[in-house]
Every structure is written in C-alpha cells, then in structure tokens.
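Mind the numbering: the sequence shown is residues 252 to 538 in my numbering, read in order.
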Amino acid sequence: VTNANFLEVLPTSANLMDANRDVVTISIGDEDLKAKRQGPAGGFPPDVADDDPLGSDDKTELLAGQKKSAPFWTFEYYQAFFDVETHHVKERIIGSMLPWPGKNFIQVYLRKNPDLYGPFWICTTLVFACAISGNISTFLHKFGSSGYKYTPEFQKVTIAATAIFTYAWLVPLGLWGFLLWRNNKILNLVSYSFMEIICVYGYSLSVYIPAVVLWIIQVEWLRWCFMVVALCVSGSVLVTTFWPAVRDDNPRVTIAVIAIILLLNALLAVGCKVIILTHDFGFTSCN
252 VTNANFLEVL PTSANLMDAN RDVVTISIGD EDLKAKRQGP AGGFPPDVAD
302 DDPLGSDDKT ELLAGQKKSA PFWTFEYYQA FFDVETHHVK ERIIGSMLPW
352 PGKNFIQVYL RKNPDLYGPF WICTTLVFAC AISGNISTFL HKFGSSGYKY
402 TPEFQKVTIA ATAIFTYAWL VPLGLWGFLL WRNNKILNLV SYSFMEIICV
452 YGYSLSVYIP AVVLWIIQVE WLRWCFMVVA LCVSGSVLVT TFWPAVRDDN
502 PRVTIAVIAI ILLLNALLAV GCKVIILTHD FGFTSCN
C-alpha cells in the first residue's frame, strides 16, 4: 500500500465516524484499566473474598444462630449454662426482687438463655446465710444467760443445704414433668424447659437472702413481716411465670398447681425461719 492510498483511506474512516456518532467504541486498554480500578464487588480484596476461612455451611450456621448441642450426660452440655454475663445475672436478680404483674420472668429476663450460675450461687449463699444468721441469732438469744457455753451449730449448714437444694431442684423437676404431661394432653399450653424452670426457682430465692439476714433482729413481729414480704415477692415471681402455662388447663388443675407452688414456697420460708430460730443445737451447760 502506497502513502497516497493510505491517505485516501483516512478520510473514509472519518466519514464513517461522522455518519455514526451514536456508536459506542470499545477499547481493550480502557477495559483493562476499568477492571483494575473497580476491583471485586463489595470492596474486599480479591484474596480475602475468595479465601474465606469459614465455609459457606459454617457461615450459614453462625448467621442462623444454631450450634451443635452436646449430649446431656457430658460436661460440655452443662458448661453452656454457666457461660453468662455479669450484667445478665444482675438483671435477673433485680427482676426477681421487683416482680411486676403481667411480666413473665422467662420471657422478659431469660430470653431462651437460662443459666445455672445464678441459681447455684443464690442457693449456696442462702444456705450459708441461714447457718450464719442462725448462729448469730442463737448467740444473741443466749447472751447474758448463766450456765451456758457457746459452740458453733454446724448442723444448720447441713439442714439448710438439704432443704434449699431439694426445693430448688426436685420441685422444678416435678413441675416440669407435670407440665410436660399436661402439654401432651392439651396442645395449646405454654411449655417450659427443665433448665428454664430451675432458673426461675433459683432466682426466686434471691429475695430470701436479705430477709434471712434481717431475721437476726430479736423482734418477733419484725421477723414475721420480713418473712411475709419475702414470701409474697418470691411467690409473685413464680405465679406470674407459671400462670400462662396452666391458665388454659382445667380450672381445677390450674388452681391446684398454683396452690401447690405457693404452698411449697411457704414451707421453705417457714423452714428457713425454723432453722434460724432453733436455739437448742450446739449448747452445753456449764456448772
């Protein structure tokens, strides 16, 4: 091709461009530059987006909030119930001491995440509070009397531990079994898990700790006032929590269940008072 022929071709190309100004031109160099500037979608580096340490199945499981649960006979199963934040325990203790009508303790405070940490330490603290308050009350009661020698009453620790932990574990077990049986008969009843019921019973005992300490006061009518207040507060937590689970049942069954719950709670309160105010343990007369 001669230079003259080449120059003749140029005007022809220009004329074609003038005739088709709406045509989009594509440049390979421009496409490569645009691809480098844009990068991968989402703003992630290429290696981060592609090399994800979590597989798609693991990410789906985490996002759905699901986790594999261990068998109930293993330590890992119960370890999950002690993994609770401090502010959660504090919130549940305050909620158990300030019950409000219509507030279900399980729905408001547990949120499908019961724990055993709070109930265990509440029961343990109540056991030692009963034993220590009982020893102090006995000492104050016998102080100044002639012919006695004080010895610690360690029997009160055993009696208090047996009564409190039996109430906090066996009563929820029986209630859970009963509600499970009734739920199989009546489908529209509200159902609670065994751990949720234990958690409610454990936190409901927190109000007894200050009441037991105040029972040291050597004024009988004040002791009864403290016991009645603690009994009403603890009973209110239990009634407002388990009322939705039995209100749609037979009226006789509903009344019987609520009455038994309150009766057992009252028996525990009276038992703690008897443990503290029994003054005939551990004393020997001195001649």
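By construction, the Cβ of each residue, glycine as well, lies at the ideal position given by its N, Cα and C atoms.
Which residues mark the beginning and the end of the alpha helix (DSSP H) in which residue i is found?
| i | result |
| --- | --- |
| Thr375 | 368 to 393 |
| Asn434 | 406 to 436 |
| Glu342 | 337 to 348 |
| Ala496 | 471 to 497 |
If we call anything under 7 Å between Cβ atoms a contact, is residue i one with residue j?
| i | j | result |
| --- | --- | --- |
| Val484 | Val458 | yes |
| Ala549 | Ala462 | A question about residue 549 goes unanswered here, because the residues of the chain that appear run from 252 up to 538. |
| Asp466 | Ile527 | Going by the sequence as given, residue 466 is Trp instead of Asp. Going by C-beta atoms, Trp466 is nearer than 7 Å to Ile527. |
| Ile373 | Leu431 | no |
| Val488 | Pro350 | yes |
| Thr492 | Phe332 | no |
| Tyr454 | Arg343 | yes |
Does DSSP classify residue i as helix, strand or coil?
| i | result |
| --- | --- |
| Lys363 | coil |
| Tyr459 | helix |
| Lys524 | helix |
| Tyr443 | coil |
In or out: residue i buried (at least 16 other Cβ within 10 Å) or exposed?
| i | result |
| --- | --- |
| Ile449 | buried |
| Ala520 | buried |
| Phe405 | exposed |
| Asp366 | buried |
| Gly425 | exposed |
| Ile460 | buried |
| Val451 | buried |
| Met268 | Residue placement at Met268 is poorly supported in this model, since its pLDDT is 48, which falls under 50; the coordinates still yield a value, given next. That one is exposed. |
| Asp499 | exposed |
| Val504 | exposed |
| Lys310 | The pLDDT assigned to Lys310 is 42, lower than 50, so where the model puts this residue is not dependable; a value taken from the coordinates is nonetheless given after this. Exposed, because fewer than 16 other Cβ atoms sit within 10 Å of the Cβ of Lys310. |
| Asn386 | buried |
| Lys341 | exposed |
| Gly486 | buried |
Between the C-alpha atoms of residue i and residue j, what's the straight-line distance to the nearest angstrom?
| i | j | result |
| --- | --- | --- |
| Tyr418 | Pro370 | 12 Å |
| Val378 | Ile415 | 7 Å |
| Asp303 | Phe445 | A caution first: Asp303 carries a pLDDT of 47, below 50, which makes its placement in the model unreliable, though a value can still be read off. Cα-Cα distance, rounded: 39 Å. |
| Cys523 | Glu471 | 15 Å |
| Ser388 | Ala517 | 22 Å |
| Lys354 | Lys393 | 45 Å |
| Ser347 | Leu513 | 16 Å |
| Asn435 | Ser384 | 45 Å |
| Tyr401 | Leu391 | 11 Å |
| Trp494 | Ala382 | 33 Å |
| Ala411 | Val335 | 27 Å |
| Arg474 | Ile468 | 7 Å |
| Trp420 | Ser396 | 41 Å |
| Pro403 | Pro423 | 33 Å |
| Tyr368 | Thr376 | 12 Å |
| Gln358 | Cys476 | 31 Å |
| Pro352 | Thr337 | 26 Å |
| Val441 | Asn364 | 17 Å |
Compare the C-beta of residue i with all C-beta atoms of chain B and state if any pair is closer than 7 Å.
| i | result |
| --- | --- |
| Gln330 | In summary, chain B is missing from the structure at hand, where a single protein chain is found. |
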